[in-house]
Each structure stands twice: as C-alpha cells, then as structure tokens.
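Below you'll find the structure, written out as structure tokens, and then a few comments.
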Amino acid sequence: MSIEAGNACASGADVIRMLRVPVGPLRVWTVLNRVLIGVAGSAAAAIIGVPGIAAAQPPEPSPAPPPPNVNALAPVKLSEYAVMDGRWYAFRTPDGLTCVLQRNGGYGCSGAIPGAPNGANFVSGGPGAPQFSATTADVFASVGEVKTLPAGSRISYQTVSCGSEGGVTTCSDSRNQSGFVLTPAGSHIINGGKDPLLDRPEGTNPFFN
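Residue numbers (our numbering): 344 to 552.
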C-alpha cells in the first residue's frame, strides 16, 4: 500500500515512521515531573511540621509553690497578743515585721517585707483577698511595741491564722482560701488572690479536680 502526497510517494512503513510519536522522552519527562512535584511537596510538609518554623508560644510562668501549712504550727495564747483594747491581736515577726489580726476579719503585715513585689512595704486582706501596697506611713504605729511571735508558732482568730517559721511569715484565711506568704525567695498572694471554690473552670469540682 502506498499514499501519494503531491509528487512524492510513500509506503505504508514510511507513513508509520512519519506519524510515530516520540513517547519515550515524554514519558521520561512526565515521570521526572511527578518525582520533582513529590519531592517539593514532601519538603513543604517537612518545613511546615518543623516546630522552630511555627510561631513559638511564650512559656507559661511557673506556678507559685504551695503555701506552708500555717495551721500545723503551735498555737499561742491569744490574750497575750491583744492590743487596742482587745480589738486587735498584734505580733512582731523574728525578721522585724509588725502583723495584726483584727476582730472584724482584717489582717496584714507592715515593714521591710522580704522579696516584696514593686517595693511594697504593706500587705493586707480580709474579707477579700490580700494586696501589696507601698506606704510612707507606719500603718501599725498606733499599736506601739508588740510581742514577738516565736518561730514555729502561730496566732489564730476565727478563720485567719498567721505564723512564722524559718524566715517565712504566712497568713491564711480559710474563708476564701487566700492569704500571703512573705519570704526572701519572693513574697506572694496565696492562689493569686483567687478563691478556688468560686474562680474555677465551668463544670469542674474543686474537691475532685
């Protein structure tokens, strides 16, 4: 069989040779493209998965250590620390702070508070959570000279207990699970001033979570 094209005459074998598509190189390029696309995709996935590439989250601050168990200290006789006609109970800590418990539920300490935030020299609470503050006046000057509370002992009135041991002074109030810890390592408010019985994630139980 032959096909005429103009003056030329080509045989069937010639036509097949002329129409043959060079599929070999095309297949090579197709396979190569697929390989390159796969490598690029894998590299992109690897980059996305690298922790250092993602936006780094700042580390959460370490929680404050649990407060000392002030109620485990030995109690003193309350009447020996009564001042202001029995309306207050005051004591001096071994490191020189003056602390007061009031019969109305207030409590606090004044003086050169060790490790206090922002240079505070006064901390007080009750019935709400305590707060640190700075004052130019001697807040408890009116009580005069007060008796030193021996290290390893506590004074308690109703829901508030204060005690000192090993250079650490602690006051806690069982009404709101708050209070403060005064220590050279860093004075702070217990539970950050939050009541764990009230300020907790919805649906949780403070006694089981």
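For glycine and all other residues, C-beta sits at the position ideal for the given N, C-alpha and C.
Check your understanding: Among C514, S530, P411 and T502, which residue has its Cα nearest to the Cα of G448?
Key -> Sorting C514, S530, P411 and T502 by C-alpha distance to the C-alpha of G448 places T502 at the top.
Review point. P409: buried (16+ other C-beta within 10 angstroms of its C-beta) or exposed?
Key: Around the beta carbon of P409, fewer than 16 other beta carbons lie within 10 angstroms, which makes this residue exposed.
Exercise for review: Note down, in chain order, each residue of its chain lying with its Cβ closer than 7 Å to the Cβ of A386, except the 5 sequence neighbours on either side.
Suggested key: At A386 the pLDDT is 44, less than 50, meaning the model places this residue with poor confidence and gives no usable figure here.
Practice item. Counting only the same chain and skipping the five closest in sequence on each side, list residues whose C-beta sits under 8 Å from that of G510. Key: Closer than 8 Å at Cβ, skipping near neighbours: P437, D438, P457, T526 and P527.
Practice item. Flag this pair as touching only if the stretch 414 to 428 and the stretch 490 to 501 have three or more C-beta atom pairs under 8 Å; answer yes or no. Key: Touching, yes.
Exercise for review: Pull up the distance between the alpha-carbon of L440 and that of K537, whole angstroms please.
Suggested key: Taking the straight line joining both Cα atoms gives about 25 Å.
**Study point:** With 16 other Cβ atoms within 10 Å as the buried cut-off, status of A480
**Key:** Of the residues assessed, A480 falls on the exposed side of the cut-off, its CB having fewer than 16 other CB atoms within 10 angstroms.
Practice item. Leaving aside the five residues before and after A463 along the sequence, list all residues of the same chain whose C-beta is less than 7 Å from its C-beta, in chain order. Key: Around A463: I456, F475, S476 and A477.
Practice item. Determine the DSSP secondary structure at L492, reduced to helix, strand or coil. Key: Here L492 sits in coil by DSSP.
Review point. Under the three-state reduction of DSSP, which class applies to D438: helix, strand or coil?
Key: D438: coil per DSSP, three-state reduction.
Point to revise | Strand pairing of P418, partner residues [DSSP] | key: DSSP output for P418 lists R497 as bridge partner(s).
Review point. Using DSSP with H/G/I as helix, E/B as strand and the rest coil, what is A484?
Key: Three-state result, A484: helix.
Check your understanding: So Q474 is in the beta strand (DSSP E); what residue range does that whole segment cover?
Key -> The continuous beta strand (DSSP E) containing Q474 extends over residues Q474 to S476.
Check your understanding: Apart from the five residues just before and just after C452, which ones in its own chain have a Cβ nearer than 6 Å to its Cβ?
Key -> Only L440, C442 and V466 meet the Cβ criterion.
Review point. Where DSSP assigns a beta bridge to E423, which residues make up the other side?
Key: According to DSSP, E423 bridges with nothing at all.
Point to revise | Straight-line gap, F554 to T491 (C-alpha atoms, nearest Å) | key: The requested residue 554 does not occur in the structure, where the chain is confined to residues 344 to 552.
Exercise for review: Tell me whether G535 sits in a helix, a strand or coil according to DSSP, three-state version.
Suggested key: In this structure, G535 counts as helix in the three-state DSSP scheme.
Exercise for review: Output yes if chain D places a C-beta closer than 9 Å to the C-beta of T513; else output no.
Suggested key: Judged by its chain identifiers, the structure shown contains no chain D, having just a single protein chain.
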